[in-house]
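Undergrad: One structure coming up, written as structure tokens, with questions to follow.
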Amino acid sequence: MILSLDTETTGLDPWHGSKPFLVTVTLDSGESIVWEWDVDPLTREPKVLREDLLEIKDLIDNCERLILQNSTFDLKMLKTLETEDWSWGEWPWYKIHDTQFSAHMIASCQRRDLTTLALLELGIDVKPFEDAIHAATDKARRITRSKSFVAEQGEWAIAKAGREDMPSAGEKTWKADMWLPRCLILTAPDYVPDWTEGQDPETHPWATILHNYANGDSECTLLIHEKHENYLKSRGLWKIYVERLKILPIVYNMKETGVTLNKTRRDELYGEYAQVTEEIRERCVRIADNPELEDLPVNGRSNALNTVIFDQFKLKSPKTTKTGNPSMDKEVLAYWLDQLEAKDKRRYFIDGLLNYRKRKTAMAYIDGYSRFWNHIKDDWYVLHPSLHPTGTNTLRWSSSNPNEQNISKKQGFNLRYCFGPTPGRCWASLDYENVELRIPAYESGEQELIELFERPDDPPYYGSVHLLNFSTVYPDKWEEAVSNGGYEGAANWIKKNWKDSWYQKCKNGDFAVQYGSVERTGSQWSTADRAFGRKGCQALLKARFAKQEALNQHWIKTANDTGYVSTIPDIEIDPDHGYPLECSKTEWGNISPTIPLNYHVQGTACWVIFRAMVKVQEYLDSINKNKSDDLKWFMVMQVHDELVIDFPIRRGYEIRLREIKRIMESCGDYIKVPLKVGCDIHENNWSEGRGLE
DNA sequence: TTCGGTAGCGCC
DNA sequence: AAAGGGCGCTACCGAA
């Protein structure tokens, strides 16, 4: 028996009280079942019946295959229904399938929500149902908020931003209240406009509106899965899909374990930023002396700020925003700082704005952390960010509520200081060094780069791609450095004398190239050349690394012919196929030449870390066997090319870290690219560490 | 009140 | 035609 399952929930925050109030399954026999539980409007608690759970568990236990859409979400939601004396048991990962994973393999740029998939794969348009529920829910929400209703029924626990039990509430808040129409018609039918006196509330459309719609969700999931399976098998991609599913239990457990942070350190940073920003705000408002500007916008723009900067200060932006408006981002502010006289009051204002924004951004992030955290003990808290392995066009994951992938490590704003191991434990972060540079270098056989990676201790570049590029794009500067510092000392001389000037420019240019800057001819500057601070730099790089450029052209051609690129095939999984990545299109319908190599490399790098995570988890499982939680090793974060491990401090832990490092490096073998992994140990917090010897 | 667009900024 | 890849979050603004 094949089974698909879907839930409707009272929110997106299973760690803060959101629970399923409706479960629907569809069997491959065609039969569908819906269980809907009434929700207490004062507490948002669904009144779940044990006998229903037993029925659902029985189906899950006895099916051969369990199909879900975004499986780790639904499974975690079901898990919240466990009680002290009842549990689902271990989830049967070996039989779980996920339509988001198959959808990503088929068309990684397409939306993967159920509505889109149903329309695309089945031609079923569920939008009208959704709209009907949206309308009913909104109406019901409005009714329960009305003064007369509150006076009679009390304040119902409607979803809204600011509620502690639903920190993610905001934009699509109504979705968390889909239980409401039924609840309202059953509890207080006389408030529902089209209900007539004496009518059985169960016969009103609101009583069954969700029931009817939810039913379709599990039906669609089952049919979509069938279609996807046929498609992937016909393309010879099934093996890769099945391999990818191995990440599901890992994602589930990472979300469950979460990331720990310390309130004292959080308060320390926040207090400091709050004080400084207040001082800056007062000063800037005073300098501007414009009745329109009463406050500084946190980021982005306000009309008042536009007036002050452009009309009053008469500043001209050297750069435009995406839509062609004059830009006012940090680069532009830095440019104005450079242009204006030291004593110009406008300069004080710009300087203030720059510093204000940095701190306000940090404060906004910190606010998010404390909104989502759960208390552990003392001043320790834990976050459970939502992780989405299919959240991007490539194989990168996305992370949200809150995002754990953009935690600042900037000097002076290092929010990683808040994060770290709880007492008695330790963190290690292991990252693939230069992985997105190594992949194209080895794949294309770019000898000079390969030698650089193979002999990281040799002069004159000492393994640094930036320095090798430096010698290419600024030959004159390089010569100057060699004549001053010698062949062996040029690298140090550059870092000592040009750290913030030419060396920094070179690094900026390198990243622009790595992220796909396109060489320009004529009077145009390429993005990379602008970053390098000189015209023609990118052309010099291209000439020196011709094989990589050939690789670039190969993937551009492939993308233009097929719409896809693929990752380097994994010789252990399928030597004939890589993971297919659909290339995004511009608004004119073509594939920008910046895309293909980027997707290929980014995707391959993430394929490697995915393989590594599976292997590392197997190793951790062997360590953790029969251990209590406080003695276990956990994988707690993945930041694209970096893994963070949270483990107990016990003698000899370095040996295990070295083994994890070895496992991660060994995954380069599958794509025939030798990889190096660095390991930092964080005994106190994520911002301070020492290298593993 | 809600919602989408815009801008800006953090990470790799 | 024109090209710096991939994300998520917050604030601001103006239209529905």
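Residue numbers for the first sequence follow our numbering, beginning at 558 and rising by one.
All C-beta atoms in this analysis are idealised placements derived from N, C-alpha and C, irrespective of residue type, glycine included.
#1: Suppose you measure from the CA of Ser1223 to the CA of Ile797; what does that come to, to the nearest Å?
#2: Using the C-alpha atoms, what's the distance from Glu813 back to Gly977?
#3: Roughly how far, in whole angstroms, is the beta-carbon of Tyr926 from the beta-carbon of Leu940, given that I think they are within contact range, below 8 Å?
#4: Is the separation between the beta-carbon of Phe600 and that of Ala733 shorter than 8 Å?
#5: Excluding the 5 residues preceding and the 5 following Thr1029 in the sequence, name in chain order all residues of the same chain whose CB lies nearer than 6 Å to its CB.
#6: Where does Thr672 sit, in a helix, a strand or coil, going by DSSP?
#7: Using the C-alpha atoms, what's the distance from Ser561 back to His1157?
#8: Kindly confirm or deny that the stretch 861-877 and the stretch 886-901 touch, where touching means at least three C-beta pairs closer than 8 Å.
#9: For the pair the stretch 1082-1090 and the stretch 1054-1074, tell me if three or more CB-CB distances fall below 8 Å.
#10: Rounded to the nearest angstrom, how far is the Cβ of Met634 from that of Pro571, given a contact under 8 Å?
#11: Is it right to say Gly909 is buried, meaning 16 or more other beta carbons lie within 10 angstroms of its own, or is it exposed?
#12: For Lys1264, does the three-state DSSP call read helix, strand or coil?
#13: Does the contact criterion of 3 or more C-beta pairs under 8 Å hold for the stretch 763-776 versus the stretch 676-692?
#14: Measure the alpha-carbon distance for Asp602 versus Thr566 and round it to whole angstroms.
#15: If Pro746 and Pro758 are in contact, beta carbons under 8 Å, what's the gap, nearest whole angstrom?
#16: Given a cut-off of 8 Å, decide if Ala919 and Ser956 are closer than it, judged by their beta-carbon atoms.
#17: Determine the extent of the beta strand (DSSP E) in which Ala716 is found, giving its start and end residues.
#18: Would you report the Cα separation of Gly1002 and Leu616, rounded to the nearest angstrom?
#19: Any heavy atom of the ligand ATP within a distance shorter than 7 Å of the CB on Asn847?
#20: Given 8 Å as the limit, is there contact between the stretch 800-815 and the stretch 1164-1179, that is, 3 or more CB pairs closer than that?
#21: Leaving aside the five residues before and after Glu1216 along the sequence, list all residues of the same chain whose C-beta is less than 8 Å from its C-beta, in chain order.
#22: For Asn819, write down the residues that DSSP places opposite it in a beta bridge.
#23: Quick one: what's Glu1139 bridged to in DSSP?
#24: Quick check on Cys1094: does DSSP put it in helix, strand or coil?
#25: Grab the span of the alpha helix (DSSP H) containing Met1170 for me, first residue to last.
#26: Which of the three DSSP states is assigned to Ala745 in this structure?
#27: Tell me where the alpha helix (DSSP H) around Ile590 begins and ends.
#28: Mind checking Gly587: buried by the 16 CB within 10 Å criterion, or exposed?
#29: Could you tell me which whole alpha helix (DSSP H) segments of length 4 or greater appear in the stretch 864-911?
#30: Would you tell me roughly how many angstroms separate the C-alpha atoms of Gln1110 and His782, rounded to the nearest one?
#31: Would you report the Cα separation of Glu1106 and Ile624, rounded to the nearest angstrom?
#32: So Gln962 and Val1193 are in contact, right, with Cβ under 8 Å, and what is the actual spacing, rounded?
#33: Can you tell me which of Phe906, Tyr830, Arg840 and Phe630 puts its alpha carbon nearest to the alpha carbon of Phe867?
#34: Are His661 and Arg668 closer than 8 Å when you measure CB to CB?
#35: Which ranges does the beta strand (DSSP E) cover as unbroken runs of at least 3 residues, wholly within the stretch 608-635, from first to last along the chain?
#36: Taking the alpha-carbon positions, what's the Ile681 to Leu674 distance?
TA: Taking the structure as given:
#1: 19 Å
#2: 17 Å
#3: 6 Å
#4: Per the sequence shown, residue 600 should be read as Thr rather than Phe. Against a cut-off of 8 Å, the Cβ pair of Ala733 and Thr600 comes out as no contact.
#5: Leu1097, Leu1098 and Arg1101
#6: helix
#7: 33 Å
#8: yes
#9: yes
#10: 6 Å
#11: buried
#12: Not covered by the structure: residue 1264. The range shown for the chain is 558 to 1250.
#13: yes
#14: Correcting the residue type first, residue 602 is Glu in the shown sequence and not Asp. Cα-Cα distance, rounded: 10 Å.
#15: 5 Å
#16: no
#17: Element bounds for Ala716: n/a, residue is neither H nor E.
#18: 53 Å
#19: No copy of the ligand ATP occurs in the structure displayed, which carries no ligand at all.
#20: yes
#21: Tyr1176
#22: Trp937
#23: Tyr1121
#24: helix
#25: Pro1153 to Asn1181
#26: coil
#27: Note, Ile590: premise wrong, no alpha helix (DSSP H); beta strand (DSSP E) at Ser589 to Glu593.
#28: exposed
#29: 887-896
#30: 36 Å
#31: 43 Å
#32: Incorrect: roughly 13 Å between the Cβ atoms, too far for contact.
#33: Phe906
#34: no
#35: 622-625
#36: 9 Å
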